[in-house]
Amino acid sequence: MPGLADLLSGPVLEVAPRLLGAVLRLDSPEGSVAVRLTEVEAYDGGGDPGSHAFAGRTPRNEVMFGPPGHLYVYFTYGMHHCCNVVCGSEGTASAVLLRAGEVFEGSETARVRRSAARDRDLARGPARLCRSLGIDLGRNGHHLETPPLTLSPAMRAHPSREISSGPRVGLRRAPDRAWRFWLTGDPTVSVYRPAHNLGR
DNA sequence: GAGAAGATTATCT
DNA sequence: GATAATCTTCTCC
1 MPGLADLLSG PVLEVAPRLL GAVLRLDSPE GSVAVRLTEV EAYDGGGDPG SHAFAGRTPR
61 NEVMFGPPGH LYVYFTYGMH HCCNVVCGSE GTASAVLLRA GEVFEGSETA RVRRSAARDR
121 DLARGPARLC RSLGIDLGRN GHHLETPPLT LSPAMRAHPS REISSGPRVG LRRAPDRAWR
181 FWLTGDPTVS VYRPAHNLGR
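Sequential numbering from 1 applies to the first sequence in this note's numbering.
If you want it as structure tokens, here you go:
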């Protein structure tokens, strides 16, 4: 059975689609929640204007420059957390944003954190995914082979699905790069919205 | 120190 | 479809 290092080895554009179907799990006293990833986005360490690391190393993005296998969590819009898996070798800042997934274990616990959500919506979107799992800035830099928060390749067989790709969501910069990957037709994939450029 | 933008979401019309 | 909520980070003075 391949480990995390195998899962994350190679160029980020190869790693990202490989993460579809992988399982992110967080065990806590409140209960365990496990998510099967259905949608991700790739962010390249070198020359990707859409990446938080594009302008160089800062305190916020420091984790992305570290070794692969760690979680990069950031806080945005004054209220939301989003999480990435750091990949690529140490010194490069490639990462994969976890945009959506299917909560297949611990939906009761997830529902406590996300009131009034239908099952399919529990982790349908990057901030929703973090909230269902209970991930916040305290998990920034966490290594994903260390309990209670782990990432592992698909643990169970799931119907083979086609993988689709398209432009990344919500970016004003580099909207042309089709670096978003998802399981074709999966109901938990978030809906595409272009960057909101109006009203500013 | 000020100002703007942001890898979003829930809610209203 | 439009907008409010809400605050950190980064970019210039």
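We treat Cβ as the ideally placed atom computed from N, Cα and C, and that holds for glycine.
As the structure is a prediction and not an experimental result, all values here were calculated from the model.
Same chain, Cβ closer than 6 Å to residue i, five either side skipped, listed in chain order
{"i": "S32", "result": "G106"}
{"i": "A178", "result": "S165, G166, P167"}
{"i": "Y43", "result": "S51, A95"}
{"i": "R57", "result": "F65"}
{"i": "A93", "result": "G45, A53, M64, F65"}
Residue i, enclosing alpha helix (DSSP H) - first and last residue
{"i": "C130", "result": "126-133"}
{"i": "E39", "result": "No alpha helix (DSSP H) contains E39, which is instead part of the beta strand (DSSP E) from 33-43."}
{"i": "V12", "result": "12-18"}
{"i": "L8", "result": "4-8"}
Reduced DSSP category for residue i - H, G, I as helix; E, B as strand; rest coil
{"i": "L198", "result": "In this prediction, L198 has a pLDDT of 45, which is less than 50 and means its spatial position is unreliable; what the coordinates show is noted afterwards. DSSP places L198 in coil when its eight states are reduced to three."}
{"i": "S107", "result": "helix"}
{"i": "G166", "result": "strand"}
{"i": "V63", "result": "helix"}
Spatial neighbours of residue i in its chain, beta-carbon cut-off 7 Å, leaving aside the 5 residues before and after
{"i": "A110", "result": "V33, V103, L122, S132"}
{"i": "P2", "result": "P153"}
{"i": "A127", "result": "H80, H81, C82"}
Cβ-Cβ separation, residue j to residue i (assumed contact under 8 Å), whole Å
{"i": "Y72", "j": "M64", "result": "5 Å"}
{"i": "L97", "j": "V40", "result": "6 Å"}
{"i": "C87", "j": "V15", "result": "5 Å"}
Cβ-based neighbour list, residue i, same chain, cut-off 8 Å, excluding 5 preceding and 5 following
{"i": "L37", "result": "L19, L20, G21, A22, V23, L24, L98, A100, G101"}
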